[in-house]
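Novice:
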Amino acid sequence: GNNAKYIVYFLLFGSLFVAALLAQLVRTGPLGGLAAGVVLITLVASGGLDLWQAADGTAGAYPTTIAGPGDVAAARWVRDNTEPDAVFATNWAVQNPIRDLSGRSVVAGRTGAIYDLGLEDWGRRIEDTRILLGGGADADALLARYGVDYVAIGPIDVGDPYFADPAAWDARGTLVYAVGGWRIYEVSP
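With my numbering, letter number 171 in the sequence shown gets 197, and the count goes up by one each step, no holes.
Following this line, the structure appears as structure tokens:
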């Protein structure tokens with residue numbers, strides 16, 4: 027995440043204090059040396075087990091699939107069949123294959139990552155994306171404002187919080203892709 031770099035520095039500098047504490051324990055005598063040895067072995071073993079788990083690939087930091095086969099197929103289709111400068115209106119979920127895997131621009135990215143990038147209107151972009159996905163009367167002006175070329179509605183987009191309306195886009199856009207729960211519409215502002 028955005029703050030992982032701070033955790034690494036904390037762990038690095040914290041290890042100096044732990045080392046000083048262990049050295050102080052060793053100086054207190056044989057019992058202190060034994061306690062320091064047990065603590066050291068415990069720390070090294072727990073760190074080693076954590077690295078082993080991370081390296082073997084059987085468990086991840088999050089119990090979620092980042093992208094399923096339908097998501098990857100949609101992103102691949104976008105990459106292979108749209109212009110590199112195409113702009114998409116799609117959900118702002120943490121994992122979005124259109125944004126993450128296709129290399130195309132989106133109206134609004136993941137809220138946890140865009141608020142600290144200096145975009146003054148990021149909150150407005152989220153609301154505008156909700157309107158775009160819904161396909162209501164206000165969508166036309168927003169298509170033009172953001173230069174949207176495609177609206178991508180994924181399997182999680184109907185209902186809260188995205189409120190996408192595939193029926194509205196069936197009526198106003200050209201369906202160019204419909205596989206794996208994804209519906210991609212070409213639009214003209």
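All residues carry an ideal CB built from backbone N, CA and C; glycine is no exception. Note that the coordinates shown come from a computational prediction; the quantities given were computed from them, not determined experimentally.
Look up T200 in the DSSP assignment and say whether it is helix, strand or coil.
Specialist: Here residue 200 refers to the residue found at position 174 of the sequence shown. T200: strand per DSSP, three-state reduction.
Novice: Can you tell which of A100, G173, R105 has the C-alpha that lies nearest to the C-alpha of G207?
Specialist: Looking up residue 207 in the sequence shown gives position 181. Nearest of A100, G173, R105 to G207, Cα basis: A100.
Novice: Give the C-beta separation of R209 and I179 to the nearest angstrom, bearing in mind that I take them to be a contact with Cβ-Cβ under 8 angstroms.
Specialist: Start at 1 with the first residue of the sequence shown, and residue 209 comes out as number 183. Start at 1 with the first residue of the sequence shown, and residue 179 comes out as number 153. Sure, about 5 angstroms apart at Cβ, within 8 angstroms.
Novice: Using a 10 Å radius around the Cβ and a threshold of 16 neighbouring Cβ atoms, would you call A115 buried or exposed?
Specialist: Counting from one through the sequence shown, the residue named residue 115 turns up at place 89. When all chains shown are included, A115 counts as buried.
Novice: Expressed to the nearest angstrom, what Euclidean distance is found between the alpha-carbon atoms of R102 and A134?
Specialist: The sequence position of residue 102 within the sequence shown is 76, counting from 1. The sequence position of residue 134 within the sequence shown is 108, counting from 1. Looking at the two C-alpha atoms, the distance is approximately 20 angstroms.
Novice: Kindly confirm or deny that the region 184-203 and the region 152-163 touch, where touching means at least three C-beta pairs closer than 8 angstroms.
Specialist: The answer is yes - the region 152-163 touches the region 184-203, with three or more Cβ pairs under 8 angstroms.
Novice: Alpha carbon to alpha carbon, what distance is there between L168 and R150?
Specialist: Walking along the sequence shown from the start, residue 150 turns up at place 124. Walking along the sequence shown from the start, residue 168 turns up at place 142. Whole-angstrom Cα-Cα distance: 11 angstroms.
Novice: Got a sec? Which residues, its chain only, sit under 6 angstroms from L51 by beta carbon, not counting five neighbours each side?
Specialist: Residue 51 sits at position 25 when you count from the first residue of the sequence shown. Taken in chain order, the residues that qualify are G58, A61, A62.
Novice: Grab the span of the beta strand (DSSP E) containing A115 for me, first residue to last.
Specialist: The residue labelled residue 115 in the question sits at position 89 within the sequence shown. 113-115 is the span of the beta strand (DSSP E), which, as asked, contains A115.
Novice: In angstroms with no decimal places, state the Cα-to-Cα distance between D191 and Y176.
Specialist: Against the sequence shown, residue 191 aligns to sequence position 165. Against the sequence shown, residue 176 aligns to sequence position 150. Rounded to the nearest angstrom, the two C-alpha atoms are 14 angstroms apart.
Novice: Is DSSP giving S131 helix, strand or coil here?
Specialist: As a position in the sequence shown, residue 131 is number 105, starting the count at 1. S131 falls in the strand class under three-state DSSP.
Novice: At 3 residues or longer, and completely inside the region 50-105: list those beta strand (DSSP E) runs for me, N to C.
Specialist: Counting whole runs of 3 or more residues, the region 50-105 contains no beta strand (DSSP E) stretch at all.
Novice: Assign R136 to one of three DSSP states: helix, strand, or coil.
Specialist: As a first step, residue 136 is located in the sequence shown; it is residue number 110 there, counting from the start. Of the three classes helix, strand and coil, the one that applies to R136 here is coil, per DSSP.
Novice: To which residues does DSSP link I210 through a beta bridge?
Specialist: For the purposes of this step, residue 210 is taken as residue 184 along the sequence shown, with counting starting at 1. The partner list for I210 (beta bridge, DSSP) reads A178, Y203.
Novice: So, using beta-carbon positions, are G185 and V113 closer together than 7 angstroms?
Specialist: Numbered from 1 along the sequence shown, position 159 holds the residue referred to as residue 185. Numbered from 1 along the sequence shown, position 87 holds the residue referred to as residue 113. No, they are not a contact pair.
Novice: Where does the unbroken alpha helix (DSSP H) through E153 begin, and where does it stop?
Specialist: Stepping through the sequence shown from its first residue, residue 153 is reached at position 127. First-last of the alpha helix (DSSP H) with E153: 148-160.
Novice: Does the Cβ-Cβ distance between R136 and V120 come in under 7 angstroms?
Specialist: Here residue 136 refers to the residue found at position 110 when the sequence shown is read from its first residue. Here residue 120 refers to the residue found at position 94 when the sequence shown is read from its first residue. Going by C-beta atoms, R136 is nearer than 7 angstroms to V120.
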